[in-house]
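The structure appears right after this line, and notes come after that.
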Amino acid sequence: MPEPSSPSAYHLLLQLEQQFDDLIGTTEAAVSLYERQQPASWVFHQNTPTRHWLREALFDMWHAQDQDGRETRNYIAIVAADEELLTAIGEVNQAKKRFAELLQTVKQDFPQALNDAKHRLTKRHPNIDDVLRRTGLARLHLKQSWRQLPIAEAPVSRVRFAWYSSGRSIKRLTVQEAEKKLLQLDTDAPHVRIQLRKLASLPSSEVLAQVQTQAPLMRANLFFTEPLEDGHTRKALNAAMPIFVPTTHQQLPHINLPASEPPTTRTRARRRDEKLEQDVFLPSLRIYRYR
56 MPEPSSPSAY
66 HLLLQLEQQF
76 DDLIGTTEAA
86 VSLYERQQPA
96 SWVFHQNTPT
106 RHWLREALFD
116 MWHAQDQDGR
126 ETRNYIAIVA
136 ADEELLTAIG
146 EVNQAKKRFA
156 ELLQTVKQDF
166 PQALNDAKHR
176 LTKRHPNIDD
186 VLRRTGLARL
196 HLKQSWRQLP
206 IAEAPVSRVR
216 FAWYSSGRSI
226 KRLTVQEAEK
236 KLLQLDTDAP
246 HVRIQLRKLA
256 SLPSSEVLAQ
266 VQTQAPLMRA
276 NLFFTEPLED
286 GHTRKALNAA
296 MPIFVPTTHQ
306 QLPHINLPAS
316 EPPTTRTRAR
326 RRDEKLEQDV
336 FLPSLRIYRY
346 R
């Protein structure tokens with residue numbers, strides 16, 4: 056594998072810097088256009104959106120102190136955008152996509168150069184001095200830098216926001232893989248030995264499921280003014296970033312006011328056809344059996 060200092064790695068990192076500069080430039084152009092136009096906007100938790108709220112949202116590419124690297128900050132909002140602003144936001148999304156693809160190439164071809172790349176990109180951010188003063192530590196949050204900005208395909212008559220707190224990711228495991236994970240725990244502990252015995256009672260061909268509960272997120276249901284060409288009248292999407300809806304008359308769609316905080320308990324009934332058993336089989340690993 057080539058060293059991080061090899062010519063090919065150097066040229067790739069140089070391309071990454073250039074692509075990051077392009078991302079910053081297209082974002083600045085879109086934000087400046089928004090601030091000149093001041094289009095109708097609805098921002099969660101802001102009765103009267105500040106003039107620079109979109110700048111804060113789109114340039115938030117930093118890790119907060121003690122922030123889990125897997126978590127991202129949300130900016131829930133609706134913007135009534137004309138064709139010029141939609142084009143500018145589309146260019147930001149393209150720049151984000153190119154940056155993410157190039158960064159993935161660096162991770163695959165020169166994984167040992169990734170930390171160097173993060174450091175170099177951080178120094179190119181226009182707000183670096185301010186960040187250093189405020190936090191004493193500047194660390195680029197890659198997930199927050201490349202996440203896309205949702206653009207509705209057509210004019211929207213209403214938007215219905217709702218918290219989704221029942222999300223989870225499911226990873227299929229073999230009995231052998233589950234056993235390997237258990238053996239990495241304290242095998243002298245009684246609760247681990249009990250789980251190893253339970254696992255040993257299963258046929259080796261059985262497939263298990265490891266479940267990870269996901270953090271609550273806001274979902275948006277967009278109801279289109281007219282059906283799309285494919286006949287669909289609405290679309291649901293995650294609302295982690297501002298949603299831009301096309302308009303020619305600077306008017307927001309009707310928007311409901313969601314609860315300020317996600318519910319603390321499950322709000323959706325369990326599906327009758329749920330494939331996993333209700334009780335966890337291996338609690339230490341959050342592993343369930345299929346019905």
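Using my numbering, you'd call the opening residue of the sequence shown number 56 and step up by one each time.
The beta-carbon is built from N, C-alpha and C at its ideal position, and this holds for glycine as well.
Please read all numbers here as calculations on a predicted model, not as lab measurements.
Asked, Found
"Proximity to histidine 100 [Cα-Cα], best of Ala314, Asp115 and Arg341", "Ala314"
"Threonine 142: first and last residue of the uninterrupted alpha helix (DSSP H) it sits in", "138 to 164"
"The stretch 224 to 242 touching the stretch 337 to 344, judged by at least three CB pairs closer than 8 Å", "yes"
"Beta-carbon proximity list for glutamine 93, same chain, < 8 Å, skipping 5 on both sides", "Arg106"
"Buried versus exposed call for valine 211 [16 or more other C-beta atoms within 10 Å across all chains shown]", "buried"
"Where threonine 82 falls, given that 16 or more other Cβ within 10 Å makes a residue buried", "buried"
"Contact set for valine 86: own chain, Cβ-Cβ below 8 Å, skip 5 residues either direction", "Leu109, Arg110, Leu113 and Phe114"
"6 Å Cβ shell around histidine 66 - same chain, five flanking residues per side excluded", "none"
"Continuous alpha helix (DSSP H) stretch holding isoleucine 249: start and end", "245 to 255"
"Pair within 9 Å by beta-carbon distance, leucine 204 and asparagine 148", "yes"
"Spatial distance of glutamate 139 from leucine 237 (CA atoms)", "56 Å"
"Cβ pair glutamine 250, leucine 331 closer than 9 Å", "no"
"Under 9 Å between C-beta atoms of aspartate 241 and phenylalanine 154", "no"
"Residue environment, valine 300, which counts as buried when at least 16 other CB atoms sit within 10 Å", "buried"
"For alanine 85, the three-state DSSP class (helix, strand or coil)", "helix"
"Short Cβ contact (9 Å threshold) for alanine 207 with leucine 277", "yes"
"Candidates Pro317, Ile298, Val98 and Thr103: closest to arginine 202 by CA position", "Ile298"
"Lysine 290 - containing beta strand (DSSP E), residue span", "289 to 293"
"Residues that valine 230 bridges to, as DSSP identifies them", "Answer by DSSP bridge pairing: none, since valine 230 is not bridged."
"Per DSSP, the bridge partner or partners of arginine 344", "Leu263"
"Among Glu156, Ser220, Val214 and Leu68, nearest to proline 318 - alpha-carbon criterion", "Ser220"
"Length of the line joining the Cα atoms of arginine 91 and glutamine 267", "44 Å"
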